[in-house]
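*Asks:* One structure, pasted below without further comment.
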Amino acid sequence: MKVITFKIEEDLLARIDEYASSKGETRSEVIRRAIEMFLNSNGKSKKVKEVKVLGFE
2 MKVITFKIEE
12 DLLARIDEYA
22 SSKGETRSEV
32 IRRAIEMFLN
42 SNGKSKKVKE
52 VKVLGFE
């Protein structure tokens, strides 16, 4: 697995750490899963928005 570095706001990092601690997971696990969920749902959310715009809510 590759190691990456990025900047993050302190309050967001604190929220991630709190969540990870409450679930018994590492910070890295939480961030990896969040990124994966975002990438997997990105196209789906666009389709839902398009349907709503067309009036098929």
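Positions in the sequence shown are counted from 1; adding 1 to them yields my numbering. For every residue, glycine included, the Cβ atom is placed at its ideal position computed from N, Cα and C. Everything numeric in this text was worked out from a predicted model, so none of it was measured.
Report back the beta-carbon spacing between Ile17 and Val4 to the nearest angstrom; my notes put them in contact at under 8 angstroms.
*Replies:* That belief does not hold up - the Cβ atoms of Ile17 and Val4 are roughly 17 angstroms apart, past 8 angstroms.
*Asks:* Taking the alpha-carbon positions, what's the Asn43 to Arg34 distance?
*Replies:* Taking the straight line from one Cα to the other gives about 14 angstroms.
*Asks:* Which residues in the same chain have their Cβ closer than 7 angstroms to the Cβ of Tyr20, if we skip the five residues on either side of it in sequence?
*Replies:* Cβ within range, chain order: Val31.
*Asks:* With H, G and I counted as helix, E and B as strand and the rest as coil, what does DSSP make of Phe39?
*Replies:* If DSSP states are grouped into helix, strand and coil, Phe39 belongs with the helices.
*Asks:* Determine the direct distance from the alpha carbon of Leu40 to that of Asp12, and round the result to whole angstroms.
*Replies:* Rounded to whole angstroms, Asp12 to Leu40 spans 23 angstroms at the Cα level.
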